[in-house]
Each structure stands twice: as C-alpha cells, then as structure tokens.
Amino acid sequence: MIFKVYYQENRFEVPVRENTQSLYVEAASEREVRNHLKDRNYNIELVQLLEGNHLEYEQASQNYEVESVE
26 MIFKVYYQEN RFEVPVRENT QSLYVEAASE REVRNHLKDR NYNIELVQLL EGNHLEYEQA
86 SQNYEVESVE
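Everything in the sequence shown is counted per the working numbering, starting at 26 for the first residue and increasing by one.
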C-alpha cells in the first residue's frame, strides 16, 4: 500500500500550513510508516492511505517518489 505523509521538518515547531511537506511511503500499514520515519526529526501531521483515483492523481505528479519500508 502507498501512504502519503504530511509533515513539518522540525518536530519542535508549530505546524504551519505553508511549511507542510509531503512524501510517499510504500508499507503494509500506517504503523510501519511511522516506525520507518521515527528516526527523522519530523513532526508528522497525517499519514493518509492512497487508493484508486487519488493514488492515480498523485502518481501523475512530477514530485511522486516512493520510499519503501524494508
């Protein structure tokens, strides 16, 4: 499954919409995604499962690069 993760680069800053970044992770569950990213200094706002048309839309983006949980 592909998940889109919305995050702030510094976990100690207050989330500001304009500073929100995103990345895509392939994993079996949201728990695996969060575990994969725990060593990074990210303030994770949302982990969203992408399916169907939403996944196709994201895949068409030029910024679409998927990290894989190993």
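Ideal Cβ placement from N, Cα and C applies to all residues, glycine included.
In chain order, what residues of the same chain have a beta carbon less than 7 Å from the beta carbon of Leu74, not counting five sequence neighbours either side? Met26, Phe28
Taking C-alpha atoms, which residue in Leu48, Val41, Asn78, Tyr31 lies nearest to Glu90? Leu48
Determine which residues share a DSSP beta bridge with Glu51 and list them. Ile27, Ser93
Once you ignore the five residues that flank Asn44 on each side, which residues in its own chain have a CB closer than 7 Å to its CB? Gln33
Taking Gln46 as the reference, give the member of Ala85, Val72, Glu76, Asn78 with the closest Cα. Val72
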